[in-house]
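So for the first sequence, the numbering used here puts the first residue at 158; every next one is plus one. The beta carbon of each residue, even a glycine, is placed where N, CA and C say it ideally should be.
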Amino acid sequence: MAQGRGYARPTGRSPLPPRPRRTRPRRPRPHLPRHLTDRAFVIRDHLLDALRGALVAADLPEPPGGLEIDATRQREHGDFQTNAALKLAKAVGRPPRDIAAALVSTLDEKLPRHVARLEVAGPGFVNFHLEPSWLHEVLVDVVVAGDEYGHSAALDGLRVNLEFVSANPTGPLHAGGARWAAVGDALANLLSSQGAQVHREYYVNDAGAQLDRFAESLHARFKKQKLPEDGYRGAYVLDMARRMRAELGNGLDLEQAREWGHADIMRQLHDDLGRIGVHFDTWFSERSLHERGDVDAVIARFLASGRAFETDGAVWLRTSEMGEERDRVLRRSDGTPTYLAADVAYHLDKLARGHAHLIDIWGADHQGQVRSLQLAMEMATGRSQTPEVVLGQFVTLVRHGREVRISKRTGNVITLADILDEVDADVARLTFLLQSIDTKQIFDIDVVTAQSMENPVYYVQYAHARIASIGRRAAERSLARRPLGEVDLSLLVHERELDLLRTLFAYPDVLADAAEARAPHRVTTWVRELAGRFHGFYHDCRVMLDDDPALTQSRLWLAEACRLGFANALAILGVSAPETMSRLDETDDTDDADGSPDEASDGRSHDDSGADRA
RNA sequence: GCGCCCGUAGCUCAGCCGGAUAGAGCGGCGGACUUCUAAUCCGCGGGUCGGGGGUUCGAUUCCCUCCGGGCGCGCCA
Numbered sequence: 158m159a160q161g162r163g164y165a166r167p168t169g170r171s172p173l174p175p176r177p178r179r180t181r182p183r184r185p186r187p188h189l190p191r192h193l194t195d196r197a198f199v200i201r202d203h204l205l206d207a208l209r210g211a212l213v214a215a216d217l218p219e220p221p222g223g224l225e226i227d228a229t230r231q232r233e234h235g236d237f238q239t240n241a242a243l244k245l246a247k248a249v250g251r252p253p254r255d256i257a258a259a260l261v262s263t264l265d266e267k268l269p270r271h272v273a274r275l276e277v278a279g280p281g282f283v284n285f286h287l288e289p290s291w292l293h294e295v296l297v298d299v300v301v302a303g304d305e306y307g308h309s310a311a312l313d314g315l316r317v318n319l320e321f322v323s324a325n326p327t328g329p330l331h332a333g334g335a336r337w338a339a340v341g342d343a344l345a346n347l348l349s350s351q352g353a354q355v356h357r358e359y360y361v362n363d364a365g366a367q368l369d370r371f372a373e374s375l376h377a378r379f380k381k382q383k384l385p386e387d388g389y390r391g392a393y394v395l396d397m398a399r400r401m402r403a404e405l406g407n408g409l410d411l412e413q414a415r416e417w418g419h420a421d422i423m424r425q426l427h428d429d430l431g432r433i434g435v436h437f438d439t440w441f442s443e444r445s446l447h448e449r450g451d452v453d454a455v456i457a458r459f460l461a462s463g464r465a466f467e468t469d470g471a472v473w474l475r476t477s478e479m480g481e482e483r484d485r486v487l488r489r490s491d492g493t494p495t496y497l498a499a500d501v502a503y504h505l506d507k508l509a510r511g512h513a514h515l516i517d518i519w520g521a522d523h524q525g526q527v528r529s530l531q532l533a534m535e536m537a538t539g540r541s542q543t544p545e546v547v548l549g550q551f552v553t554l555v556r557h558g559r560e561v562r563i564s565k566r567t568g569n570v571i572t573l574a575d576i577l578d579e580v581d582a583d584v585a586r587l588t589f590l591l592q593s594i595d596t597k598q599i600f601d602i603d604v605v606t607a608q609s610m611e612n613p614v615y616y617v618q619y620a621h622a623r624i625a626s627i628g629r630r631a632a633e634r635s636l637a638r639r640p641l642g643e644v645d646l647s648l649l650v651h652e653r654e655l656d657l658l659r660t661l662f663a664y665p666d667v668l669a670d671a672a673e674a675r676a677p678h679r680v681t682t683w684v685r686e687l688a689g690r691f692h693g694f695y696h697d698c699r700v701m702l703d704d705d706p707a708l709t710q711s712r713l714w715l716a717e718a719c720r721l722g723f724a725n726a727l728a729i730l731g732v733s734a735p736e737t738m739s740r741l742d743e744t745d746d747t748d749d750a751d752g753s754p755d756e757a758s759d760g761r762s763h764d765d766s767g768a769d770r771a
């Protein structure tokens with residue numbers, strides 16, 4: 158990530174399109190006393206400095222690719238390790254263990270602060286075993302950073318426009334769209350944690366034929382006529398027709414049905430997204446682009462600049478000049494602009510509104526559009542890789558052990574609202590954030606609902622609630638945390654305690670890496686680990702000890718540091734951090750009750766299920 | 001045919017820009033509640049990291065190839 162300070166991070170190929178790199182030098186935000194992000198690297202920089210000194214003293218060059226110091230994976234290997242000797246072996250023509258031994262003996266002359274001992278291990282690693290004191294400093298860092306713990310200024314001030322969901326307004330949001338809602342919102346939080354100014358945006362495709370067809374279906378239902386050939390036959394259309402009649406009475410024409418239907422769907426989308434805590438800054442209407450003439454203007458500009466040409470009454474963008482196999486149509490021979498033309502106009506508008514970096518989260522079925530849009534944007538602006546498109550794989554809904562696939566067109570879908578009727582929003586959100594968006598997700602309704610007591614959400618929330626509970630107990634005893642400066646943190650030496658601190662130490666890296674990789678699920682992975690470690694600590698280490706006020710104080714602070722970690726990570730994921738958990742009784746007989754087949758998937762459903770994927 | 005994603009323990013998935021004996025949850029078996037909520041903790045069993053090459057001191061991780069699965073390559077959105 159961004160902290161390429163002191164030690165080199167090789168610039169590897171990322172599987173995703175290039176990321177905005179921090180262009181300005183890191184400058185801490187003024188209102189923050191001091192970031193852990195900055196301080197956490199102190200230990201590594203400190204060790205690197207020492208190591209660099211040892212290299213010089215031993216008359217060794219910097220290893221190719223730079224010096225690296227990493228946290229070890231196994232406790233027996235100490236706290237940090239360097240592979241410097243391994244990397245140096247070939248260049249210097251000496252066995253790696255010899256080099257490592259030389260480094261160690263030099264370092265041994267004056268052990269760096271916090272270092273207990275050094276050793277040569279394995280093929281030639283140098284392992285740093287540290288005193289727990291360094292972890293006690295981590296605790297201080299966490300507490301000092303408070304709510305901003307782990308945050309960074311890496312993207313300070315960068316204006317990011319993040320478009321997600323953007324499902325067609327032809328039906329309620331289904332489970333597929335819900336995944337992008339959870340992921341997009343968490344990604345927005347994540348980028349904000351790195352200092353970016355993130356604008357959440359939903360593109361409303363209210364201009365195309367899809368909406369016409371939907372309006373026809375609604376009107377047909379309303380008039381109890383048969384549906385058009387490729388109409389929308391989902392039950393929700395019937396529902397809507399019923400409500401429309403109740404609200405507006407009989408005798409509506411198609412245009413009225415269209416307007417009412419559109420407004421109603423928009424309200425549903427807004428409400429359903431609100432139920433899982435997702436709120437957009439802008440709902441951008443595609444129709445408005447056409448009405449303002451932006452789409453025509455884009456086409457005219459391409460024609461004027463010679464980047465487009467007219468043949469057989471259609472306008473083509475010369476993407477073949479960009480190394481593509483074929484050109485792309487901007488305006489059909491019937492005079493109507495293509496989806497691409499509108500999309501270009503839309504993304505130009507985002508730039509014009511001052512957003513420096515554009516990110517779109519789309520479902521994998523829209524992959525075919527990525528290149529067209531990016532090339533067209535490059536031809537219009539000279540900027541490549543704009544927008545950055547994050548593609549996510551589908552959600553497969555499973556119920557009663559069977560995959561259920563149906564599109565909005567052909568029948569019912571399991572909507573987000575349906576899911577939220579059975580599962581609380583926290584469970585839904587975290588479930589969507591459990592795994593990488595590169596893998597298709599199996600959303601098993603029965604597992605997510607019935608088995609909720611073993612859900613990771615509760616595991617994590619319970620850990621947070623336990624901390625709150627300790628706080629309440631402490632308050633009952635009028636036991637308050639004393640100022641940190643008066644507390645002897647060196648009493649924290651239990652392996653459970655140190656594990657917690659190591660986990661907290663890793664958090665700034667996790668956040669920064671997750672943000673850069675556009676992978677919010679990594680935050681989920683981290684917070685689950687923190688929860689696991691906290692439960693272990695809680696079990697083995699009693700916090701409030703009547704006969705040991707000093708240890709009690711340091712453990713209260715440790716618990717507080719953990720609380721900050723939970724609150725912070727859960728906030729990024731958009732999951733609540735409850736103070737209490739309602740006691741689990743034997744009351745809920747987890748039976749599966751209902752059955753209705755369905756499925757859904759799509760991301761930026763420019764169409765929705767366009768041609769019936771089923 | 002070409003492109004993108006995936007293929008890790010019975011199941012669902014982590015494993016970050018290569019690092020030293022591959023992790024978690026669920027499921028199975030066996031333990032721990034007079035003490036801050038046992039929605040917890042501890043132990044056991046379980047893996048040719050899809051197959052095969054290559055790069056490297058070192059590959060689950062990078063490259064090539066094959067197999068399997070998902071998705072995409074329109075004057076559709």
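Cβ-based burial, residue i [other Cβ within 10 Å; buried from 16]
{"i": "A324", "result": "buried"}
{"i": "R623", "result": "buried"}
{"i": "L573", "result": "buried"}
{"i": "G722", "result": "buried"}
{"i": "E673", "result": "buried"}
{"i": "Q531", "result": "buried"}
{"i": "T681", "result": "buried"}
{"i": "K267", "result": "exposed"}
{"i": "V199", "result": "exposed"}
{"i": "A420", "result": "exposed"}
{"i": "A707", "result": "exposed"}
{"i": "Q231", "result": "exposed"}
{"i": "H621", "result": "buried"}
{"i": "V547", "result": "buried"}
{"i": "K244", "result": "buried"}
{"i": "L702", "result": "exposed"}
Range covered by the beta strand (DSSP E) that runs through residue i
{"i": "A278", "result": "V272 to A278"}
{"i": "T468", "result": "A465 to T468"}
{"i": "Y359", "result": "Q354 to V361"}
{"i": "S442", "result": "T439 to S442"}
{"i": "Q351", "result": "Unbroken run through Q351: none, as it is neither H nor E."}
{"i": "R488", "result": "R485 to R488"}
{"i": "V773", "result": "The shown model of the chain, from 158 to 771, leaves out residue 773, and the question about it has no answer."}
Element boundaries [alpha helix (DSSP H), containing residue i]
{"i": "E266", "result": "P253 to E266"}
{"i": "A521", "result": "No alpha helix (DSSP H) contains A521, which DSSP labels as neither H nor E."}
{"i": "Q367", "result": "A366 to F379"}
{"i": "L460", "result": "D451 to A461"}
{"i": "A403", "result": "A392 to L405"}
{"i": "L243", "result": "A241 to V249"}
{"i": "M738", "result": "Element bounds for M738: n/a, residue is neither H nor E."}
Check whether residue i and residue j have beta carbons under 8 Å apart
{"i": "F282", "j": "L204", "result": "no"}
{"i": "R483", "j": "A498", "result": "no"}
{"i": "P253", "j": "A207", "result": "no"}
{"i": "A343", "j": "G628", "result": "no"}
{"i": "L260", "j": "A302", "result": "no"}
{"i": "I516", "j": "V317", "result": "yes"}
{"i": "Y389", "j": "G328", "result": "yes"}
{"i": "A414", "j": "H447", "result": "no"}
{"i": "V650", "j": "P280", "result": "no"}
{"i": "P677", "j": "L590", "result": "yes"}
{"i": "G341", "j": "V322", "result": "yes"}
{"i": "G549", "j": "I518", "result": "yes"}
Would you check if there are 3 or more beta carbon pairs closer than 8 Å linking the region 501 to 511 to the region 439 to 448?
yes
Those runs of the beta strand (DSSP E) which lie wholly inside the region 527 to 566 and span at least 3 residues
545 to 549 and 552 to 556
Which ranges does the alpha helix (DSSP H) cover as unbroken runs of at least 4 residues, wholly within the region 277 to 317, from first to last along the chain?
290 to 302
Where are the beta strand (DSSP E) runs, 3 residues long or more, that stay fully inside the region 667 to 720, in chain order?
none
Beta strand (DSSP E) runs contained entirely in the region 572 to 629, provided each spans 3 or more residues:
The qualifying runs are 598 to 601.
Would you check if the region 305 to 314 and the region 403 to 415 touch, i.e. whether three or more CB-CB distances between them fall below 8 Å?
Flag = no, the region 403 to 415 and the region 305 to 314 do not touch.
Do the region 644 to 664 and the region 683 to 696 touch if we need at least three Cβ pairs shorter than 8 Å?
Taking 8 Å as the limit for Cβ pairs, the verdict is that the region 683 to 696 does touch the region 644 to 664.
Is it a yes or a no for the region 455 to 471 touching the region 375 to 389, going by three-plus beta-carbon pairs under 8 Å?
no
Say whether the region 584 to 600 touches the region 660 to 667, bearing in mind that this needs 3 or more beta-carbon pairs closer than 8 Å, one atom from each stretch.
no
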